[in-house]
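> Here it is: the structure, laid out below.
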Amino acid sequence: MDEQVFMMYSVFIGMLVFTGVSITLFIVYKILNKYSNFGDSSCRMDEYSLRGIHYLRDMDDVPSTERHFLFSNYGVNPYEGRQHSIPEQLLKNTKPDDDFDQI
Amino acid sequence: MAVLCSNCAGRLVFNPATQKLECATCGSSFRPEDVEDKNAELHTKYYDTRVYVCSHCGAEVITSDTESSSFCVYCGNPAIVFDRISKEYRPDGLIPFKITKEEAIKNIKIRFLKNPIVPKEVMAKCVPENLRGIYIPYWVINADYTEADYLSGKVKRGKSTVTKYYSRAGEITVKNVPVDGSNILNDDISSKLEPFYLEDSKSFDEDYLNGFYSNTSDMNYFDLRKSAAYRCHKMFAEEVVKTVRAKDVKIEDSIYWVDIHDEPIYMMFPVWFFTFKYNGKPYTVLVNGQSGKVVGTMPWEKKRVVALALTTFVLVMAVIAMIITGLIEKWVLLSTIFVYALAAITLLGTYSFTKGIAGLRRINKNLKLTQSEEIFKFVKKRQG
Numbered sequence: 055m056d057e058q059v060f061m062m063y064s065v066f067i068g069m070l071v072f073t074g075v076s077i078t079l080f081i082v083y084k085i086l087n088k089y090s091n092f093g094d095s096s097c098r099m100d101e102y103s104l105r106g107i108h109y110l111r112d113m114d115d116v117p118s119t120e121r122h123f124l125f126s127n128y129g130v131n132p133y134e135g136r137q138h139s140i141p142e143q144l145l146k147n148t149k150p151d152d153d154f155d156q157i
Numbered sequence: 004m005a006v007l008c009s010n011c012a013g014r015l016v017f018n019p020a021t022q023k024l025e026c027a028t029c030g031s032s033f034r035p036e037d038v039e040d041k042n043a044e045l046h047t048k049y050y051d052t053r054v055y056v057c058s059h060c061g062a063e064v065i066t067s068d069t070e071s072s073s074f075c076v077y078c079g080n081p082a083i084v085f086d087r088i089s090k091e092y093r094p095d096g097l098i099p100f101k102i103t104k105e106e107a108i109k110n111i112k113i114r115f116l117k118n119p120i121v122p123k124e125v126m127a128k129c130v131p132e133n134l135r136g137i138y139i140p141y142w143v144i145n146a147d148y149t150e151a152d153y154l155s156g157k158v159k160r161g162k163s164t165v166t167k168y169y170s171r172a173g174e175i176t177v178k179n180v181p182v183d184g185s186n187i188l189n190d191d192i193s194s195k196l197e198p199f200y201l202e203d204s205k206s207f208d209e210d211y212l213n214g215f216y217s218n219t220s221d222m223n224y225f226d227l228r229k230s231a232a233y234r235c236h237k238m239f240a241e242e243v244v245k246t247v248r249a250k251d252v253k254i255e256d257s258i259y260w261v262d263i264h265d266e267p268i269y270m271m272f273p274v275w276f277f278t279f280k281y282n283g284k285p286y287t288v289l290v291n292g293q294s295g296k297v298v299g300t301m302p303w304e305k306k307r308v309v310a311l312a313l314t315t316f317v318l319v320m321a322v323i324a325m326i327i328t329g330l331i332e333k334w335v336l337l338s339t340i341f342v343y344a345l346a347a348i349t350l351l352g353t354y355s356f357t358k359g360i361a362g363l364r365r366i367n368k369n370l371k372l373t374q375s376e377e378i379f380k381f382v383k384k385r386q387g
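Those protein sequences? They're chains C and A, same order as listed.
In terms of the working numbering, the numbers along the first sequence are unbroken and rise by one, the last being 157.
In terms of the working numbering, the numbers along the second sequence are unbroken and rise by one, the last being 387.
Have a look at this one:
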């Protein structure tokens, strides 16, 4: 058989087998997800907030300098200095070196 | 400490079906709020729990009940001895169990029925002895939250696909977000148990704990902020990704800040734990004790899954072969239409491959959470 034709048939069959394996993979995932994986969902933001997200910056197709700008602008805790009363139950478990300003 | 029946001094156990305390000896029933707390003055800040230790396996049983710890429910050994009375901070409230043990088993078994891949051995383990009702501590918080995200996504430009970058920053105020108050229980699992409906919550009364196990919060304020920030970040990120009009959107980098408002509420939420071992590995499947939602990933029988995959593969290949044969009969190999049809089949294959791999990875991740040794030990520590 001509080498070129052999190569063509090999690629052709390879593509078909790849498609077969991929579709099988997808079907197996669907089966496992249906019969084995339960309750794979958690509550979304709208469950806990009526107003949703208030966007402060919303830009598409940004230049490479954006990352630096974004994190220098929002890299400081906007709530710093706010004082709160902490329940005793939470204070009970506090270690001496805990710093509440760090997340 | 748990109170006794005023008619016969028998043991009172909370029944989720009737929402009443029932006496196992004389059958009397009482509403928890009607049962008099003789030590009410002492109980304003703390409540008492009994800690038992199993001298056989060393497990700890924490309960406010009077009799349920007469043997170690984990190893079945009666050599369980009372260790100490521990004073714990009273939670502000709790959601009583609404789902009975039988209903929880039924909910799990519904998943097993006609299930072709879950091993029969596991199905047989779904019995009352393997289910424990545990009140899990939660902090219900209100908070302000700010996040900035740098995202990437793939966009078609002509015949090629290019990666573009996006920036989003925003703030939000959230209300009544439950944050699991235990450092041991994985936050990714506990968040899946939601929603818990706070309308059903009651002021804390230890009588509701009768017949169940409980746990107290081992978090400090730092841990709570960390967990709250992570919980908000997951919800925020899910929303932000939806605003980007591109494919394969990924958050490349993000920064976030949370500010928890004053007085987070300390609550106890009801959860049924179904623990079992399969092939030497521990598994824990959870059932929300209020809504009945089942959370977890069941093990599957490898032989059956392999057989299923092989059968599927043969069927898929047969269908593809039929399509290709049909195409060859109509058009000569390498004609334009034939090549287009082949390209379409390959594209379908690529799509299925990507989706399949991503889905299997997610299932594997969930399976690892279900197989968590920590959660298994968490239950063991509470149940004995």
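No residue lacks a Cβ here, since even glycine has one placed at the ideal position from N, Cα and C.
With DSSP as the reference, please indicate the residues paired to A:Leu134 in a beta bridge.
For the purposes of this step, residue 134 of chain A is taken as residue 131 along the second sequence, with counting starting at 1. A:Leu134 pairs with A:Phe277.
> What are the start and end residues of the beta strand (DSSP E) that includes A:Val180?
Working through the second sequence from its first residue, we reach residue 180 of chain A at position 177. Here the beta strand (DSSP E) through A:Val180 covers 163-183.
> Taking the alpha carbon of A:Val183 as the reference point, which residue from A:Tyr168, A:Asp221, A:Ala151 has its own alpha carbon closest?
For the purposes of this step, residue 183 of chain A is identified with residue 180 of the second sequence, where counting begins at 1. Per the sequence shown, residue 183 of chain A should be read as Asp rather than Val. Among A:Tyr168, A:Asp221, A:Ala151, the Cα nearest to that of A:Asp183 belongs to A:Asp221.
> Tell me, please, whether the CB atom of A:Glu70 is closer than 8 Å to any CB atom in chain C?
As a first step, residue 70 of chain A is located in the second sequence; it is residue number 67 there, counting from the start. Note on A:Glu70: pLDDT 44, under 50, position unreliable in the model; no value is reported.
> Can you say whether A:Ala20 is buried or exposed, counting buried as having 16 or more other CB atoms within 10 angstroms of its CB?
Taking the first residue of the second sequence as 1, we reach residue 20 of chain A at position 17. Exposed is the call here.
> Between the region 164-177 of chain A and chain C, which residues of the former have a C-beta closer than 7 Å to a C-beta of the latter?
Listed by position along the chain: Lys167, Tyr168, Tyr169, Ser170, Arg171, Ala172, Gly173, Glu174, Ile175, Thr176, Val177.
> Going by C-alpha distance, which of A:Met301, A:Asp262, A:Phe215, A:Tyr138 is nearest A:Gln374?
Here the question's residue 374 of chain A lines up with position 371 in the second sequence. Here the closest residue by C-alpha is A:Met301.
> Just to confirm, is the Cβ distance from A:Phe316 to C:Thr78 under 8 Å?
Residue numbering aside, residue 316 of chain A sits at position 313 when the second sequence is read from its first letter. Residue numbering aside, residue 78 of chain C sits at position 24 when the first sequence is read from its first letter. Against a cut-off of 8 Å, the Cβ pair of C:Thr78 and A:Phe316 comes out as a contact.
> Nearest-angstrom Cα distance between A:Asn230 and A:Ile175?
Here residue 230 of chain A corresponds to residue number 227 of the second sequence, with the count starting at 1. Here residue 175 of chain A corresponds to residue number 172 of the second sequence, with the count starting at 1. Residue identity differs from the one stated: residue 230 of chain A is Ser in this sequence, not Asn. A:Ser230 and A:Ile175: Cα-Cα distance of roughly 17 Å.
> According to DSSP, what are the bridge partners of A:Thr26?
For this step, residue 26 of chain A is matched to residue 23 along the second sequence. According to the sequence as given, residue 26 of chain A is Cys; it is not Thr. A:Leu15, per the DSSP bridge assignment.
> Alpha carbon to alpha carbon, how far is A:Glu1 from A:Tyr200?
In this structure chain A extends from 4 to 387, so residue 1 of chain A is not present and cannot be described.
> Taking C:Ile85 as part of the alpha helix (DSSP H), name the residues at either end of that continuous run.
Counting from 1 along the first sequence, the entry for residue 85 of chain C is found at position 31. Counting along the chain, the alpha helix (DSSP H) containing C:Ile85 begins and ends at 57-89.
> Determine the extent of the alpha helix (DSSP H) in which A:Ile392 is found, giving its start and end residues.
Nothing about residue 392 of chain A can be read from this structure; chain A reaches only from 4 to 387.
> Give, in chain order, every residue of the region 70-83 of chain C whose Cβ lies closer than 9 Å to some Cβ of chain A.
From the region 70-83 of chain C, only Leu70, Val71, Phe72, Thr73, Gly74, Val75, Ser76, Ile77, Thr78, Leu79, Phe80, Ile81, Val82, Tyr83 have a Cβ closer than 9 Å to chain A.
> Quick one: list the residues of chain A neighbouring C:Ser126, beta-carbon separation under 9 Å, in chain order.
To locate residue 126 of chain C, count along the first sequence from 1; it is residue 72. What C:Ser126 touches in chain A: nothing, since even the nearest Cβ is about 10 Å away.
> Return the CA-CA distance between C:Val71 and A:Glu202, expressed in angstroms with no decimal places.
Within the first sequence, the letter at position 17 stands for residue 71 of chain C. Within the second sequence, the letter at position 199 stands for residue 202 of chain A. Answer to the nearest angstrom: the Cα atoms are 55 Å apart.
> Can you give me the start and stop residues for the beta strand (DSSP E) that A:Ile254 sits inside?
Reading the second sequence from its first residue, position 251 is the one you call residue 254 of chain A. Taken as a continuous stretch (DSSP letters only), the beta strand (DSSP E) holding A:Ile254 covers 250-263.
> Check whether the Cβ atoms of A:Met271 and A:Pro140 sit closer than 8 Å, and answer yes or no.
Counting from 1 along the second sequence, the entry for residue 271 of chain A is found at position 268. Counting from 1 along the second sequence, the entry for residue 140 of chain A is found at position 137. Result yes, Cβ atoms of A:Met271 and A:Pro140 sit closer than 8 Å.
> What residue range is occupied by the uninterrupted alpha helix (DSSP H) comprising C:Asn127?
Along the first sequence, read from residue 1 onward, the residue named residue 127 of chain C stands at position 73. Start and end: 120-128.
> Within 8 Å (strictly less), CB to CB, does C:Ser64 reach chain A?
If you number the first sequence from 1, residue 64 of chain C lands on position 10. Not closer than 8 Å to any Cβ of chain A, the Cβ of C:Ser64 fails to qualify, so no.
> Helix, strand or coil, according to DSSP, for A:Phe74 in the structure here?
Indexing the second sequence from 1 puts residue 74 of chain A at position 71. In this prediction, A:Phe74 has a pLDDT of 47, which is less than 50 and means its spatial position is unreliable; what the coordinates show is noted afterwards. A:Phe74: coil per DSSP, three-state reduction.
> Please tell me whether A:Thr287 and A:Gly295 are closer than 8 Å, where the distance is taken between their beta carbons.
Working through the second sequence from its first residue, we reach residue 287 of chain A at position 284. Working through the second sequence from its first residue, we reach residue 295 of chain A at position 292. No. Outside cutoff.
> Using 8 Å as the limit for Cβ to Cβ distance, is C:Gln143 near chain A?
As a position in the first sequence, residue 143 of chain C is number 89, starting the count at 1. Chain A, which has a Cβ nearer than 8 Å to the Cβ of C:Gln143, makes this yes.
> Pick helix, strand or coil for A:Gly218, following the three-state DSSP scheme.
As a first step, residue 218 of chain A is located in the second sequence; it is residue number 215 there, counting from the start. Note that residue 218 of chain A is Asn in the sequence shown here, rather than Gly. The answer is coil: DSSP assigns A:Asn218 none of H, G, I, E or B.
> Counting only beta-carbon separations shorter than 8 Å, does A:Glu241 have a partner in chain C?
Within the second sequence, residue 241 of chain A is the residue found at index 238, counting from 1. So yes, A:Glu241 belongs to the interface.
> Tell me whether the beta-carbon of A:Asn218 lies closer than 8 Å to the beta-carbon of A:Phe17.
Translated into the one-based positions of the second sequence, residue 218 of chain A becomes position 215. Translated into the one-based positions of the second sequence, residue 17 of chain A becomes position 14. The answer is no: Cβ separation not under 8 Å.
> From this set, A:Gly30, A:Phe225, A:Asn291, which residue's C-alpha is nearest C:Leu144's C-alpha?
Your numbering for residue 144 of chain C matches position 90 in the first sequence. Of A:Gly30, A:Phe225, A:Asn291, the residue nearest in Cα terms is A:Phe225.
> Start and end of the alpha helix (DSSP H) containing A:Val247?
By one-based count along the second sequence, residue 247 of chain A stands at place 244. Careful: A:Val247 lies outside any alpha helix (DSSP H) and carries neither H nor E.
> Can you tell me the Cα-Cα spacing of C:Thr20 and A:Asn223, whole angstroms?
Since the first and last residues shown for chain C are 55 and 157, residue 20 of chain C lies out of range.
> Classify A:Met325 as buried or exposed, calling it buried when 16 or more other Cβ atoms lie within 10 Å of its own Cβ.
The residue labelled residue 325 of chain A in the question sits at position 322 within the second sequence. Label assigned to A:Met325: exposed.
> Could you work out which residues of chain C lie near A:Ser220, taking near to mean beta carbons separated by less than 8 Å?
The residue labelled residue 220 of chain A in the question sits at position 217 within the second sequence. The answer, in chain order, is Gln143, Leu144, Asn147.
> Expressed to the nearest angstrom, what Euclidean distance is found between the alpha-carbon atoms of A:Phe215 and A:Arg135?
Here residue 215 of chain A corresponds to residue number 212 of the second sequence, with the count starting at 1. Here residue 135 of chain A corresponds to residue number 132 of the second sequence, with the count starting at 1. Their backbone Cα atoms lie some 7 Å apart in a straight line.
> Is there a Cβ from chain A that is less than 8 Å from the Cβ of C:Asn91?
Taking the first residue of the first sequence as 1, we reach residue 91 of chain C at position 37. Yes, its Cβ sits closer than 8 Å to a Cβ of chain A.
> Can you check DSSP and say which residues form a bridge with A:Val308?
Numbered from 1 along the second sequence, position 305 holds the residue referred to as residue 308 of chain A. None; A:Val308 has no bridge partner.
> Once you ignore the five residues that flank A:Ile192 on each side, which residues in its own chain have a CB closer than 6 Å to its CB?
Taking the second sequence and counting its residues from 1, the one referred to as residue 192 of chain A is at position 189. For A:Ile192, where only same-chain residues beyond five positions count, the Cβ hits under 6 Å are Leu372.
> Does the Cβ-Cβ distance between A:Tyr169 and C:Met113 come in under 8 Å?
In the second sequence, residue 169 of chain A corresponds to position 166, counting from 1. In the first sequence, residue 113 of chain C corresponds to position 59, counting from 1. Going by C-beta atoms, A:Tyr169 is nearer than 8 Å to C:Met113.
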